[in-house]
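J.: For the sequence shown, position 41 matches number 161 in the numbering used here, and the numbering has no gaps at all. All C-beta atoms, glycine included, are put in the ideal place defined by N, C-alpha and C. Below is a structure I'd like to ask you about.
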Amino acid sequence: MGKALLFILPHLLKFFTVCDSPASRILLVDDLSDNLFLLQTVLEAEGYEVDTADNGNLALAKVADSPPDLILMDVMMPDLNGYEVTQQIRQNSSIPFIPILLVTAHEDANDIQGLALGANDFIRKPIEFDKLLARIKAFLQFKQNACSP
Numbered sequence: 121m122g123k124a125l126l127f128i129l130p131h132l133l134k135f136f137t138v139c140d141s142p143a144s145r146i147l148l149v150d151d152l153s154d155n156l157f158l159l160q161t162v163l164e165a166e167g168y169e170v171d172t173a174d175n176g177n178l179a180l181a182k183v184a185d186s187p188p189d190l191i192l193m194d195v196m197m198p199d200l201n202g203y204e205v206t207q208q209i210r211q212n213s214s215i216p217f218i219p220i221l222l223v224t225a226h227e228d229a230n231d232i233q234g235l236a237l238g239a240n241d242f243i244r245k246p247i248e249f250d251k252l253l254a255r256i257k258a259f260l261q262f263k264q265n266a267c268s269p
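Right under this line is the structure:
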């Protein structure tokens, strides 16, 4: 069986912020309101604080205004797609490091593009919520541990 390995280059650790927040903040980005509602309901039931954006430009504005602890973003959106939003976030040095998980129905060949632009992981559609929650927890735990003395 394959194994997943989560790593971040040590020099990126300096970009982690607010480690002692009571609930991790997740930004959901999807142009379909049904998807936003479903994911928000699942994540809030797990105790996460959830904010939503229904397009890439709004996501960029929310990240610049108040960076979340993690971004869960659909790849296929009409204005700016998930790859373009990821690239803009990573190119903006004033934004702290935020794990970005892209949601896609595409095959593995597109993973390379997303990873090259700065995405940290992919969630495949249809979403298996137990796997989604495990990945979110792992990224947030890693981020929390990086902040601990």
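Where do the ends of the beta strand (DSSP E) carrying L222 lie?
T.: Where L222 is concerned, the enclosing beta strand (DSSP E) stretches over 220 to 224.
J.: Could you say which of N155, N177, K245 lies nearest to H226 if we only look at CA atoms?
T.: The shortest Cα separation from H226 among N155, N177, K245 belongs to K245.
J.: Is it right to say P198 is buried, meaning 16 or more other beta carbons lie within 10 angstroms of its own, or is it exposed?
T.: So P198 ends up on the exposed side.
J.: Whole angstroms are fine: how far does the CA of N212 sit from the CA of L235?
T.: When rounded, the distance between both Cα atoms is 17 Å.
J.: According to DSSP, simplified to helix, strand and coil, what is V170?
T.: The answer is strand: DSSP assigns V170 an E or B state.
J.: Alpha carbon to alpha carbon, how far is D185 from D250? Give it in angstroms, no decimals.
T.: Computed Cα separation, rounded: 30 Å.
J.: Report yes or no: do three or more beta-carbon pairs, one from the region 146 to 157 and one from the region 173 to 188, lie closer than 8 Å?
T.: Segments in contact, yes.
J.: Applying the 10 Å Cβ sphere with the 16-neighbour rule, what's the burial state of G202?
T.: Per the 10 Å Cβ criterion, buried.
J.: Do I191 and I220 have their C-beta atoms within less than 8 Å of each other?
T.: It is a contact, given that the beta carbons lie within the stated cut-off.
J.: Considering Cα atoms alone, identify which of I247, F217, T172 is closest to G238.
T.: Answer by Cα proximity: F217.
J.: Give me the Cα-Cα distance between G167 and I215, rounded to the nearest whole angstrom.
T.: Looking at the two C-alpha atoms, the distance is approximately 25 Å.
J.: Is L190 helix, strand or coil when you go by DSSP?
T.: Three-state result, L190: strand.
J.: Among all the DSSP beta bridges, which residues are the ones paired with I209?
T.: Partner(s): none; I209 has no beta bridge.
J.: Can you list, in chain order, the residues of its chain with a C-beta nearer than 7 Å to that of L253? Leave out the 5 residues immediately preceding and following it.
T.: The answer, listed in chain order, is E166.
J.: What's the gap between the Cα of L260 and the Cα of A143?
T.: Distance between the alpha carbons of L260 and A143 is about 11 Å.
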